[in-house]
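Colleague: My questions will all concern the structure given below.
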Amino acid sequence: MASQQLEQAHALAKEAPQQAVEIYASVLHADQTSDTTIAERETALLSLAALFERMQDAAALTNLINGSQNYLVTVSKAKSSKLIRTLVDRFDGIQGGLQPQIAT
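The sequence shown lines up with residues 2 to 105 when you count with the working numbering.
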């Protein structure tokens, strides 16, 4: 189910980014009792970050980093460190993203 949602969001990312954001967020924030796997949630997290970078939305990227803590505690420390680093590096592609990057 979540893999179908991810495919749908990926297809919508260029044409209707706001709909893609909603789908990615629903996969990322799905409760752990659902059939959504950790890998699917990771894909949603990284895809959201890439989408926010493309949209030049530093505030949304900051909120994503702060709001993804529930997911990050479910993965190993090394994996969560790598993911946080990847998310923070996404600020480099956003014009004026240095200040939010420092604040995050």
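Beta carbons are placed, not taken as given, at the ideal position from N, Cα and C, and that holds for glycine.
(1) To the nearest angstrom, how far is the alpha carbon of Leu-62 from that of Leu-52?
(2) Please report the distance separating the alpha-carbon of Val-28 from that of Ala-79.
(3) Could you check where the alpha helix (DSSP H) with Ala-10 kicks off and where it finishes?
(4) Between Ser-69 and His-11, which are expected to be in contact by the criterion C-beta below 8 Å, what is the C-beta distance as a whole number of angstroms?
(5) Taking 7 Å as the cut-off, does the CB of Gln-9 come closer than this to any heavy atom belonging to the ligand ADP?
(6) Going by CA-CA distance only, name the one from Leu-73, Val-22 and Glu-23 that's closest to Leu-84.
Modeller: A quick look at the data gives this:
(1) 9 Å
(2) 22 Å
(3) 3 to 13
(4) With a Cβ gap of about 19 Å, Ser-69 and His-11 do not count as contacting.
(5) With respect to the ligand ADP, the structure shown offers nothing to examine, as it has no ligands at all.
(6) Leu-73
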